[in-house]
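**Q** With this note's numbering applied, the sequence shown covers -5 to 251.
The beta-carbon is built from N, C-alpha and C at its ideal position, and this holds for glycine as well.
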Amino acid sequence: MSNNKNNPTIPEDHPRAQSLHYRHVLVDGMEKKIVTPSGLCAHGRGEAYDYILGETTTDAAENAMEAAVAMILSAKHPVISVNGNVAALIPKEIVDFSNETGALLEINLFYQAPGRLNAIEQILRDNGADKILGLNEKVSVKLNNLSSNRRIVDPDGIFSADVVLIPLEDGDRAEALIESGKKVIAIDLNPLSRTAQKSHITIVDNLIRCIPKMVNIARSMKKMKAEKIKGIKNNFNQKKNLDQSLIHMIQYLQSKI
Ligand code: ATP
Ligand code: MG
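In structure tokens, the structure reads:
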């Protein structure tokens, strides 16, 4: 954990060693144009919620992950939307998840600075990605109901997807994806965000903990019969699951009084 050029001296036993490590990973990512200053702010907001989650993966999150993997494995054309923070924090894990499930990777950015798309493509390729969508702006199409850059999507990717995984997403875009008829799976540490509230399945967990677990879930779920996988997907109750995450946070805070 200490081989980071921006901070070579985080002691392993520092109580916030992991959090500090990932902050430096993001700062490195910013120097490489992968991450933007807004990405740093978004991470900070996530960290605050992670604190009151106890920096742990809850049972509710585990259940949501299983339903999410089941939904992706049952989909015809599942796509993973990749932004700068995802590429900087978990490049190998997101590529592994794509390979395990067959969900395609599409780079989708809010801030399109020169060289940024290439930097994100490069880190994904360095981590084993083969097919990457969202690279050809000339053949991109637009999602309705959205004014930002992220309305631009790949016609072979998000535009024609039936299921979209959005690890870290702004509420406007999550809403536009839902309104365009797609099933949306969000990973968001804030159970109160619009993204978390509007998505069909929300995993309230840190994507750093969550994606490696989802790779393992996908590996074992792939051995199950299609009917069983559908059952896991259909038995998921989003409202109840979000409530369980909030209750976990309330109980965690109460345990500190
Ligand atoms: P919304 O637009 O959905 O209402 P928001 O405006 O509060 O939410 P944004 O900045 O648009 O938030 O998106 C960032 C979201 O990503 C935040 O809700 C934050 O909790 C979440 N987040 C940041 N880092 C992580 C992480 N590592 N794992 C999971 N979620 C994260
Ligand atoms: Mg937002």
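CB-CB under 6 Å to T51, same chain, minus the five flanking residues each way: which ones, in chain order?
**A** So the qualifying residues of the chain are D199 and R203.
**Q** So, is the C-beta of M215 closer than 8 Å to a C-beta in chain C?
**A** Looking for chain C here will not work: only one protein chain is present.
**Q** Between the C-alpha atoms of N(-2) and V19, what's the straight-line distance to the nearest angstrom?
**A** For N(-2), the pLDDT reaches just 48, beneath the cut-off of 50, and the residue's location in the model is therefore unreliable, although a value from the coordinates is still provided. The straight-line gap from Cα to Cα measures roughly 7 Å.
**Q** Mapping DSSP to helix, strand and coil, what is L240?
**A** DSSP places L240 in helix when its eight states are reduced to three.
**Q** Determine the burial state of A42: buried for a count of at least 16 other Cβ atoms within 10 Å of its Cβ, exposed for fewer.
**A** By the 10 Å Cβ count, A42 comes out exposed.
**Q** Beta-carbon separation of G40 and Y246 under 8 Å?
**A** For G40 and Y246, no; Cβs fall outside 8 Å.
**Q** Mapping DSSP to helix, strand and coil, what is P108?
**A** The answer is coil: DSSP assigns P108 none of H, G, I, E or B.
**Q** For N212 versus E87, is the C-beta spacing smaller than 8 Å?
**A** Reading off the sequence shown, one finds Ala at residue 212, where the question assumed Asn. The answer is no: Cβ separation not under 8 Å.
**Q** Measuring from each Cβ to the nearest heavy atom of the ligand MG, keep the ones under 5 Å and list them in chain order.
**A** In chain order, the hits are D164 and G165.
**Q** Could you pull out every residue in the same chain whose Cβ sits closer than 6 Å to the Cβ of L159, ignoring the five residues on either side in sequence?
**A** Around L159: I74 and I179.
**Q** Excluding sequence positions up to five away, which residues of its chain have a Cβ less than 6 Å from the Cβ of E131?
**A** Cβ within range, chain order: n/a, list empty.
**Q** Can you pull the DSSP bridge partners for E100?
**A** DSSP output for E100 lists S75 and L127 as bridge partner(s).
**Q** What residue does the beta strand (DSSP E) around A180 start on, and which one ends it?
**A** A180 -> beta strand (DSSP E) spans K177 to I181.
**Q** Does the Cβ-Cβ distance between N121 and P85 come in under 8 Å?
**A** Contact flag set, yes.
**Q** So for I152, helix, strand or coil by DSSP?
**A** Three-state result, I152: helix.
**Q** Quick one: what's got a C-beta closer than 7 Å to K177's C-beta in the same chain, skipping five residues either side?
**A** Excluding sequence neighbours, K177 sits near M65, D156, V157 and H194.
**Q** Return helix, strand or coil for L159, following the three-state DSSP convention.
**A** Correct three-state label for L159: strand.
**Q** Could you tell me whether any non-hydrogen atom of the ligand ATP is closer than 7 Å to the CB of N102?
**A** No, since every heavy atom of the ligand ATP falls outside the 7 Å radius drawn around the Cβ of N102.
**Q** Select from I241, M24 and M59 the residue whose C-alpha is nearest the C-alpha of N229.
**A** Among I241, M24 and M59, the Cα nearest to that of N229 is on M59.
**Q** Using three-state DSSP, classify A220 as helix, strand or coil.
**A** If DSSP states are grouped into helix, strand and coil, A220 belongs with the helices.
**Q** Output needed for E115: all residues of its chain with C-beta closer than 7 Å, excluding positions within five of it in sequence on either side, in chain order.
**A** Answer for E115: I101, I126 and L129, listed in chain order.
**Q** Can you look up V21 in the DSSP assignment and give me helix, strand or coil?
**A** V21 falls in the helix class under three-state DSSP.
**Q** So, for S154: in the same chain, excluding its five sequence neighbours on each side, which residues have a beta-carbon less than 7 Å away from its beta-carbon?
**A** Contacts found: H71.
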